[in-house]
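Asker: Residue numbers 1114 to 1299, in this note's numbering, belong to the letters of the sequence shown in order. C-beta atoms are modelled at their ideal positions from N, C-alpha and C, and glycine is treated no differently.
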Amino acid sequence: MVMGLDPDAMERVKTKSPPTDETDFALRVSYVILNSGMRWTVAKDIWNRMRPSLMATGEVGTTFGHPGKAKSIDLVMSNRLEFFEGFRLAWKDGPKKVIDFCGDLPHIGEITKYHLAKNLGVDVAKPDVWLERVASQSGETVQELCGRLSKQSGDSVSTVDYVIWKTCQQGWWRAGAFPADKLAPD
C-alpha cells in the first residue's frame, strides 16, 4: 500500500548513500532545512523552484520567502566545501558522529538532525511526532522500535521509518489500532 503511493520515494529510501561531493552534500542539507516544519508536499514544490537557483548561483535568491531558512541555506551553499569536509570526518567516526555533526549545522534542530543524517546515508529513524506516537504504543523509543522492526523485516531502519511515517501521514494509523507486537519472533 505505502509503496504504491510513491514508488520512487521507497526506492530512494532503500538506496540512500552518502553524498558524492560538496554540492551534493549542500543540496541535501538545503532540502532538509527547507523541509523542516512544513508538509513535504509544500516543500517539494518550493524545492523545484529553489534548486535551479542554488545550482546556478549558489543562493536561494527570490525563490523562497523564509528569511531565516534562506540565510541558513545560503550559508551552507557558500561554505559547502568546509561543511562537506566536516561531514567526511564525522562519517569516518560512525553514525553517532554524523548525527552530532548534523545538529551543529545552521537551522538543524534536535529532531531534524536525524532527518538530515538519513538523507546523508545514515541508517537511522527520525523521531518525529508520528513515530513517537507509534513507538509509545509499544513502550519503546523510536530507534528501538524501528531497529526491532528492521531486524524482523530485513528492511533498513530508514525504510521502516518511512513506512511508519507514510502510514501515519496518510491517516491509516490510529493510536491503538495497530499495536506494535513485541512478542513477534525475531
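Answer with buried or exposed for residue 1157, where buried requires no fewer than 16 other C-beta atoms within 10 angstroms of its C-beta.
Answerer: For the purposes of this step, residue 1157 is taken as residue 44 along the sequence shown, with counting starting at 1. So residue 1157 ends up on the exposed side.
Asker: Whose C-beta lies closer than 8 Å to the C-beta of residue 1278 among residues of the same chain, with five residues either side of it excluded?
Answerer: The residue labelled residue 1278 in the question sits at position 165 within the sequence shown. Cβ neighbours of residue 1278 beyond the five flanking positions: 1239, 1241, 1243, 1244.
Asker: Is DSSP giving residue 1220 helix, strand or coil here?
Answerer: Sequence index remark: in the sequence shown, residue 1220 carries index 107 (1-based). It is coil, neither helix nor strand.
Asker: Consider the C-beta atom of residue 1286 and the heavy atoms of the ligand HEM; say whether any pair is separated by less than 7 Å.
Answerer: Questions concerning the ligand HEM fall outside what the structure shown contains, since it holds no ligand whatsoever.
Asker: Counting C-beta neighbours from all protein chains within 10 Å, is the total for residue 1232 16 or more, i.e. buried, or is it exposed?
Answerer: Numbered from its first residue, the sequence shown carries residue 1232 at position 119. Buried: at least 16 other Cβ atoms inside 10 Å.
Asker: For residue 1177, does the three-state DSSP call read helix, strand or coil?
Answerer: Numbered from its first residue, the sequence shown carries residue 1177 at position 64. Note: residue 1177 maps to coil in three-state DSSP.
Asker: Starting from residue 1193, trace the alpha helix (DSSP H) in both directions and tell me its first and last residue.
Answerer: Within the sequence shown, numbered from 1, the residue matching residue 1193 stands at position 80. Segment 1193-1205, the alpha helix (DSSP H) holding residue 1193.
Asker: What separation, rounded to the nearest whole angstrom, lies between the Cα atoms of residue 1284 and residue 1272?
Answerer: Here residue 1284 corresponds to residue number 171 of the sequence shown, with the count starting at 1. Here residue 1272 corresponds to residue number 159 of the sequence shown, with the count starting at 1. Each residue's Cα considered, the two are about 18 Å apart.
Asker: Looking at the structure shown, is residue 1209 part of a helix, part of a strand, or coil, going by DSSP?
Answerer: Locating residue 1209 in the sequence shown gives position 96, counting from the first residue. Helix.
Asker: Is it buried or exposed for residue 1168, if we count other Cβ within 10 angstroms and need 16 for buried?
Answerer: Translated into the one-based positions of the sequence shown, residue 1168 becomes position 55. Counting Cβ neighbours within 10 Å, residue 1168 comes out exposed, since fewer than 16 surround it.
Asker: What residue from 1253, 1149, 1200 has the CA that sits closest to residue 1234's CA?
Answerer: Position 121 of the sequence shown, counted from the start, is the residue given in the question as residue 1234. The shortest Cα separation from residue 1234 among 1253, 1149, 1200 belongs to 1200.
Asker: How should residue 1276 be labelled, buried or exposed, when 16 other C-beta atoms within 10 angstroms of its C-beta is the threshold for buried?
Answerer: The residue labelled residue 1276 in the question sits at position 163 within the sequence shown. The residue is buried, with at least 16 neighbouring Cβ atoms inside 10 Å.
Asker: So, helix, strand or coil for residue 1238, using DSSP?
Answerer: Taking the sequence shown and counting its residues from 1, one reaches residue 1238 at position 125. Coil, per DSSP.
Asker: Grouping DSSP H, G and I as helix and E and B as strand, with all else coil, what is residue 1137?
Answerer: In the sequence shown, the residue the question calls residue 1137 occupies position 24. The answer is helix: DSSP assigns residue 1137 an H, G or I state.
Asker: For residue 1258 and residue 1170, what's the separation of their Cα atoms in angstroms?
Answerer: Working through the sequence shown from its first residue, we reach residue 1258 at position 145. Working through the sequence shown from its first residue, we reach residue 1170 at position 57. C-alpha separation (whole angstroms): 42 Å.
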